Amino acid sequence: MSSIESSLFPKTLAGLRTLPPVLFLAGEEDELMTGCLKAFRRAFGALYGESMTEFNQDILYADKDDAGRVLDACQTLPVGMDRRIVILHEAQEMASDLEEELVNYLKAPNPTTSLVLLWKDSPDSVLKKPLALAAAERGLLVRCSLVKDDLKRAEWVRARFFERGRQIEPDACKLLAKEGGETLLELKGEVEKLLLFAVGAGPVRLDEVRRTLSFRPDQLVWEFINHLESGRTAKAVGEMERCLDQGEEPFFLLNLMARSARKISQGGHSNRSVQLDLFTRIRESDLALKSGHGVESGVLERLVPAYAALRT
Numbered sequence: 003m004s005s006i007e008s009s010l011f012p013k014t015l016a017g018l019r020t021l022p023p024v025l026f027l028a029g030e031e032d033e034l035m036t037g038c039l040k041a042f043r044r045a046f047g048a049l050y051g052e053s054m055t056e057f058n059q060d061i062l063y064a065d066k067d068d069a070g071r072v073l074d075a076c077q078t079l080p081v082g083m084d085r086r087i088v089i090l091h092e093a094q095e096m097a098s099d100l101e102e103e104l105v106n107y108l109k110a111p112n113p114t115t116s117l118v119l120l121w122k123d124s125p126d127s128v129l130k131k132p133l134a135l136a137a138a139e140r141g142l143l144v145r146c147s148l149v150k151d152d153l154k155r156a157e158w159v160r161a162r163f164f165e166r167g168r169q170i171e172p173d174a175c176k177l178l179a180k181e182g183g184e185t186l187l188e189l190k191g192e193v194e195k196l197l198l199f200a201v202g203a204g205p206v207r208l209d210e211v212r213r214t215l216s217f218r219p220d221q222l223v224w225e226f227i228n229h230l231e232s233g234r235t236a237k238a239v240g241e242m243e244r245c246l247d248q249g250e251e252p253f254f255l256l257n258l259m260a261r262s263a264r265k266i267s268q269g270g271h272s273n274r275s276v277q278l279d280l281f282t283r284i285r286e287s288d289l290a291l292k293s294g295h296g297v298e299s300g301v302l303e304r305l306v307p308a309y310a311a312l313r314t
């Protein structure tokens, strides 16, 4: 068929009456590859149904599954459907014998299987490989290249905020797009961090972006929230104390804790009584801080174990 950029993939996919026998996703942008894979799986369900998909898919890893396992999955006939799907992650790690076997397989691929290869490497280098050339000839190769253009990155950022029902000021968006990381996956992490820290329903401001961009992988507030939402009580308490030691305002931390409680509750991970108990404790902690009753670290520390209960 052809080789295209990831931006053209949705339109190309929509124009297909049947899915290709092979889809080769190549690039350094994990976020784009993940998006293309999700779109392909949606198209698979729309064309062939979803009721039997669980019995007609194999999710494999080239760094763990050998050539026999992969080829067997490709040659297996579908059950109760017209087509099955085989997804091979970490294709760039495949052994040479598997690569050769797949090149041979693509000379006459199983017409009832769609093989999806995720190859995390520069598309320019991948395009020189026999496997990529065979995939482009028999199916579709999608280039998920690094997005380096600041305008395109800013457009991507605005789209993420729109999906979450939020807006971001133009200058703030420009700075985030430029400084938020090399890949879209890193930029996505900065967007999530910013949405957590930016309080209020108004557009996210430039000063809020500057603050969150100053947090690096070892920044304490972000680690505290991660541990809290994951139910890692002891680590959350330790990071919380370090946050207070470095001068973070207790009310700022309590506000983040409240937002995290709402986020976890909305995910349906706990029963109503557990949620109500936690929100009651949050209100009591707010009053305790405002009245000056109790040591600040103690007030917040007593809240932390209740988050683990949300996960049970």
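Sequential numbering of the sequence shown, starting at 3, is according to my numbering. Ideal Cβ positions, reconstructed from N, Cα and C, are used throughout, including at glycine. As the structure is a computational prediction, the values presented were derived from the model and not from experiment.
Exercise. When we look at the beta-carbon of P113 and count the other beta-carbons within 10 Å, is it buried (16 or more) or exposed?
Worked result: Counting of Cβ neighbours within 10 angstroms places P113 among the exposed residues, the total staying below 16.
For this session: Pick helix, strand or coil for R85, following the three-state DSSP scheme.
Result: DSSP places R85 outside both helix and strand once states are collapsed to three, so it counts as coil.
Exercise. Short check: CB of L108 to CB of V24, under 8 Å?
Worked result: Annotated as proximal: L108 and V24, with beta-carbon spacing under 8 Å.
Exercise. When the Cα atoms are used, what is the spatial distance from V276 to I284?
Worked result: Each residue's Cα considered, the two are about 13 Å apart.
For this session: Buried or exposed for A136, please, with buried defined as at least 16 other CB atoms from any protein chain shown within 10 angstroms of its CB.
Result: Buried is the call here.
For this session: Express the C-alpha separation of R162 and P12 in angstroms, rounding to a whole number.
Result: Straight-line Cα distance between these residues: approximately 17 Å.
Exercise. Is T115 helix, strand or coil when you go by DSSP?
Worked result: Note: T115 maps to strand in three-state DSSP.
Exercise. Smallest Cα separation from C38: which of L119, T20, L305?
Worked result: In terms of Cα proximity to C38, the closest of L119, T20, L305 is L119.
Exercise. What residues are listed by DSSP as bridge partners for E7?
Worked result: E7 is bridged to R145.
For this session: Please name the residue in S287, Q169, S116, K40 whose C-alpha comes closest to that of N257.
Result: Of the listed residues, the one whose Cα sits closest to N257 is S287.
For this session: Please go through the same chain and pick out, in chain order, the residues whose beta-carbon is closer than 6 Å to the beta-carbon of D84, but skip the five residues on each side of it.
Result: Here the set comprises Y50.
Problem set entry | Under the three-state DSSP convention, the category D220 falls into | Unreliable placement is indicated for D220, whose pLDDT of 44 sits below 50; the coordinate value is still reported in the next sentence. If DSSP states are grouped into helix, strand and coil, D220 belongs with coil.
For this session: Might you give, ordered along the chain, the residues of its own chain that have their beta carbon closer than 7 Å to the beta carbon of K150, omitting 5 neighbours on each side?
Result: Once the five neighbours on either side are set aside, K150 has no close Cβ partner at all.
For this session: Kindly indicate the opening and closing residues of the alpha helix (DSSP H) around D123.
Result: Note, D123: premise wrong, no alpha helix (DSSP H); not H, not E.
Exercise. Which of the three DSSP states, helix, strand or coil, is assigned to G37?
Worked result: Under the three-state reduction of DSSP, G37 is assigned to helix.
Exercise. With distances taken from CA atoms, which of L129, V206, G141, R145 is nearest R160?
Worked result: Closest by alpha carbon: V206.
Exercise. Just to confirm, are D152 and K190 a CB contact at a threshold of 8 Å?
Worked result: Going by C-beta atoms, D152 is not nearer than 8 Å to K190.
For this session: Output the distance between the C-alpha atoms of P219 and I170, rounded to the nearest integer angstrom.
Result: Unreliable placement is indicated for P219, whose pLDDT of 44 sits below 50; the coordinate value is still reported in the next sentence. About 23 Å.
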